[in-house]
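J.: Please read through the structure below; I'll follow up with questions.
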Amino acid sequence: MGDAPASPAMRSVCIIGAGPAGLVAAKTFLQTGRCRVTVYEKSHRLGGIWALDEDSTGGFLHPRTPTNLSRFSVGFSDLAWSSVDLGGDVKGRVPMFPKAWQVGKYLEEYRRRYLPESMIKYGMRVRKAEKCKQLAIGSKEFWRVTAVDADGREERGNFDHLIVATGFFAKPRPLQHSVDVQGVLEMAKMLHSSQYRSLQDLLPSSSPTLAGKKILLIGGGNSAGEAAATIASHLSNAQWSPDMTQQKAFEGCKVIHVTPRPIYALPPFTPANENSTVFMPLDFNFYDLSRRLPGPITGNAGRVPETVKEMLHGVLRKTIGSDQSDLGSDALVAAEGTERGTVQVALAESYAEFVRSGLIEVSAGRITSISERDGRIVATMSHGGASNEIADIGAVVYATGYSPSPALDMLHPQVKEALHFDEKCMRLPLILEQWQTMSKAVPNLAFIGFYEGPYWGVMEMQSRLIAQHWLNEQEVPTKSYEEVSKMLDLRTAMQERALDVPQYWFGDYAGYVEELASVLKLERNDVDFKERTGTVSPARYLTAGDDRKEANMTMRDLFDNWQACQNTGKYTARAAFRALQGNWDVHRRITSHNDIYPSGVLTGTASFHFRAPTDPAYDLEYLYIESGTFTLTTGATMNASRRYIYRYSEAQDRLSVWFVKPASDLEVDYLFHDLTFAPPAKAEEAGHHIAKADHLCVKDMYWTEYRLPIQGIALRSFQVEHKVKGPDKDYISFTEYRRPSKPTV
1 MGDAPASPAM RSVCIIGAGP AGLVAAKTFL QTGRCRVTVY EKSHRLGGIW ALDEDSTGGF
61 LHPRTPTNLS RFSVGFSDLA WSSVDLGGDV KGRVPMFPKA WQVGKYLEEY RRRYLPESMI
121 KYGMRVRKAE KCKQLAIGSK EFWRVTAVDA DGREERGNFD HLIVATGFFA KPRPLQHSVD
181 VQGVLEMAKM LHSSQYRSLQ DLLPSSSPTL AGKKILLIGG GNSAGEAAAT IASHLSNAQW
241 SPDMTQQKAF EGCKVIHVTP RPIYALPPFT PANENSTVFM PLDFNFYDLS RRLPGPITGN
301 AGRVPETVKE MLHGVLRKTI GSDQSDLGSD ALVAAEGTER GTVQVALAES YAEFVRSGLI
361 EVSAGRITSI SERDGRIVAT MSHGGASNEI ADIGAVVYAT GYSPSPALDM LHPQVKEALH
421 FDEKCMRLPL ILEQWQTMSK AVPNLAFIGF YEGPYWGVME MQSRLIAQHW LNEQEVPTKS
481 YEEVSKMLDL RTAMQERALD VPQYWFGDYA GYVEELASVL KLERNDVDFK ERTGTVSPAR
541 YLTAGDDRKE ANMTMRDLFD NWQACQNTGK YTARAAFRAL QGNWDVHRRI TSHNDIYPSG
601 VLTGTASFHF RAPTDPAYDL EYLYIESGTF TLTTGATMNA SRRYIYRYSE AQDRLSVWFV
661 KPASDLEVDY LFHDLTFAPP AKAEEAGHHI AKADHLCVKD MYWTEYRLPI QGIALRSFQV
721 EHKVKGPDKD YISFTEYRRP SKPTV
């Protein structure tokens, strides 16, 4: 850049960060034709936390981590996911919840289409951004930005406007900020949840095993629930995978999750109607425009009124199918009345059933210290004025959140002071207005995505809002919930841990995009949806310069999926698969119509053990183990056992059951049957979901029917009936499964 900002005809805009926020801001300003844009990115590739390949080992995310929201929320208005070449084994199939490395591919394609490569200066960390005045052009302020590369070489540039798009989660927060850690680092691994990739990360350098030890998981937010479920899934896989190399090293391990508040664990697909006969991606349900009150759709933010708090707890309990007391952990049951906090959610598909089975043990409280005592690691936990100890800890994973403050280091203290900067408040370090983009105190500075849990659609709207304000000099209204006094009050409430502070204080995604679309006078692009039906997606709100073809591709894909869920029961198989996980009491009656095959009753137990898929064509897999006592009609008894493999494929949306090899009962042999689920209308009529299969086994024909009365996302009982006919077989097997009255620990 030169020594002066751009001429009045052209504005110069500096953007710090080439993650989703920085890229959509750059595209938005470039699209106006009135700006020269420079993007500084400290790393050597774009993407921010999504700057990953399939085999990446660094960063805050595992490359196979799925997004929390569907591909219709994780994306921008004018690039359809179907236009992105994901390569590898994907072969044109985009998961409903893309993997982290796939999001990186999406952002690379977005840059390729809309931004010249030369616009982004890689490997350049912005060290300083100073407000200056150019006397030659009056008192107009501009920004002098100093960036430095890895070798210490500096580059300076002057800009009319500065956009901070560094991301809110700048740096993992050390455990030592809140917990007294005394002399245990040599004995046990202690790592932030963002650093965890595999069980090997938990092994101390002094020992090749954690057998019988507890893995302490600290935290009460979404990332804590995700991390607990991920570690538990790895422990389960270590015990039940055909690859038994980790079995002994982690035998008897379990996760002790210490959380200061109850969390509701939600899977990616949730019920969309009263009787749980339709399942949809959770954001389809959360941001369904038809669920908003009549009249203009507006957003809200900040502290939660008691009536809204109670309503949200009711919605979550209905979605889950209970108050979670059936999971066997009081720590997951929200208090009643005035002692109840706001809802806290973890998007963790397997968390609840790992709690029920005992692989995750949840304790309410806060860890205050971790120390070595007589060769053992002991954690002290406080709750309700009392202290308890957790002994025999083998590793510690802390989901203590992130500090956003390092992302602001380049700003002068006076600028931060004007923005009411508070380094101690990690959740609300700045006081901003205009949908969390700007402050009247520093008019040529803006922020994009600088709040907890930013949505891609909001970031795109924020970019459009800033461009319109700066280039057209249009006044932007201040929402009542963003008044400085209310924001400062919210910050105080956060620091005091008030019970009316929500998990995400700026979380009304549908409300914000609808408000912004109205303020910006954007064109609605509902395509096949009727007005105020369907979910929010960036592709529903367009400017004149957006690629309508790409937006329409996204909207038609969204509509097709919406209809498939409603009419044919798409993703019911996924919901049923999730609900099967864990332990069951089994009662089976076999009624034979000939003398060759015996009749009798089996009583026993069964477990669906989570493990990693043993075939890349499948996304999820269980090892089913059943054992019990079979009593013949003659009164004779015998021990009986069987094993199957249950698999789910998202590409086919199919649940299938497979035999295990006789000589190796952890390995898959051949197909038993594929299940076909009845459409929602049939499930509604029957009062439960129905899945059928038929299968010819040598000379014997099997007709199978599953009856699954799912409530919310939960399954408390189900039945399986096999009708078998062949040269030597003519019998009916009817099995009833029920959750144990007391969860297994």
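Take the sequence shown: its position 202, counting from 1, is numbered 202 in full-length UniProt numbering, and each next residue is one higher.
Cβ atoms here follow ideal geometry from the backbone N, Cα and C, with glycine treated the same way.
1) As a quick exercise: from 265, 221, 284, pick the residue whose alpha carbon is nearest that of residue 320.
2) Let me check understanding here. Comparing Cα to Cα, which of 213, 224, 695, 15 lies closest to residue 750?
3) Residue range of the beta strand (DSSP E) that residue 181 falls in?
4) Between which two residues does the alpha helix (DSSP H) holding residue 567 run?
5) May I ask you to verify whether the segment 297 to 310 touches the segment 724 to 744, counting CB pairs closer than 8 Å and requiring at least 3?
6) If you check the beta carbons only, do residue 300 and residue 508 fall under 8 Å apart?
7) Since residue 719 is in the alpha helix (DSSP H), which residue starts that stretch and which ends it?
8) Can you list, in chain order, the stretches of the alpha helix (DSSP H) that have 4 or more residues and sit fully within the segment 285 to 339?
9) For residue 745, which three-state DSSP category applies?
10) Using the DSSP secondary-structure output, state which residues sit across from residue 626 in a beta bridge.
11) Got a sec, what are the start and stop residues for the beta strand (DSSP E) residue 161 sits in?
12) Since residue 94 contacts residue 82 with CB under 8 Å, what's their CB separation in whole angstroms?
13) Determine whether the beta carbon atoms of residue 87 and residue 47 lie at a separation below 8 Å.
14) Helix or strand or just coil, what does DSSP make of residue 170?
15) Residue 538: which of 456, 561, 580 sits nearest, CA to CA?
16) With residue 451 as the anchor, note down where its beta strand (DSSP E) starts and where it stops.
17) Distance check for residue 581 and residue 643, CA to CA, integer angstroms please.
18) Throw me the rounded Cβ distance for the residue 143 and residue 104 pair, which I believe falls under 8 Å.
19) Could you spell out the range, first to last residue, of the alpha helix (DSSP H) harbouring residue 231?
20) Specify the secondary structure class of residue 728 as computed by DSSP and reduced to three states.
21) Going by the C-beta, is residue 460 closer than 7 Å to any heavy atom of the ligand HEM?
22) Rounded to the nearest angstrom, what separates residue 780 and residue 586 at their Cα positions?
23) Can you tell me whether residue 472 is buried or exposed? The criterion is at least 16 other CB atoms within 10 Å of its CB, across all chains shown.
24) Please work out which residues of its chain come closer than 7 Å, Cβ to Cβ, to residue 731, disregarding the five sequence neighbours upstream and downstream, and give them in chain order.
25) Quick one: which unbroken alpha helix (DSSP H) runs of 4-plus residues sit fully inside the segment 479 to 549? Chain order, please.
26) Measure from the alpha carbon of residue 345 to the alpha carbon of each residue in 502, 376, 246, 679, then state which is nearest.
27) With distance defined between alpha-carbon atoms, name the residue in 96, 17, 32 nearest to residue 619.
28) Of the choices 702, 9, 675, 167, whose alpha-carbon is the least far from that of residue 692?
29) Put residue 1 into one of helix, strand or coil per three-state DSSP.
30) Alpha carbon to alpha carbon, what distance is there between residue 703 and residue 303?
31) With a threshold of 16 other CB atoms inside 10 Å of the CB of residue 412, please say whether the residue is buried or exposed.
32) Where does residue 789 sit, in a helix, a strand or coil, going by DSSP?
33) State the Cα-Cα distance for the pair residue 570 and residue 647, rounded to the nearest angstrom.
34) May I ask you to verify whether the segment 153 to 171 touches the segment 448 to 462, counting CB pairs closer than 8 Å and requiring at least 3?
35) I'd like the span of the alpha helix (DSSP H) that includes residue 469, first residue to last.
36) Decide yes or no for the touch test of the segment 475 to 494 against the segment 524 to 536: beta carbon pairs closer than 8 Å, at least 3 of them.
T.: Walking through what the data contain:
1) 265
2) No information on residue 750 is available, as it lies outside the stretch 1 to 745 that the chain covers here.
3) 180 to 182
4) 548 to 568
5) no
6) yes
7) Taken as a continuous stretch (DSSP letters only), residue 719 belongs to no alpha helix (DSSP H), being part of the beta strand (DSSP E) at 717 to 725.
8) 306 to 320
9) Any answer about residue 745 is weak, because its pLDDT of 44 lies below 50 and its placement is not dependable; what the coordinates show is given next. DSSP places residue 745 in coil when its eight states are reduced to three.
10) 606, 642
11) 161 to 164
12) 7 Å
13) no
14) coil
15) 456
16) Per DSSP, residue 451 belongs to no beta strand (DSSP E) and is neither H nor E.
17) 15 Å
18) No, residue 143 and residue 104 are not in contact; Cβ-Cβ is about 29 Å, not under 8 Å.
19) 222 to 240
20) coil
21) As far as ligands go, the structure on display features none, and thus does not contain the ligand HEM.
22) Because the chain is modelled from 1 through 745, residue 780 falls outside the range shown and cannot be assessed.
23) exposed
24) 590, 591, 592, 593, 597, 724
25) 484 to 495, 509 to 520
26) 502
27) 96
28) 675
29) For residue 1, the predicted structure reports a pLDDT of 42, less than 50, and the residue's modelled location is therefore unreliable. The matter cannot be settled from this model.
30) 55 Å
31) exposed
32) Outside the modelled stretch of the chain, which goes from 1 to 745, sits residue 789, for which no answer is possible.
33) 16 Å
34) yes
35) 456 to 472
36) no
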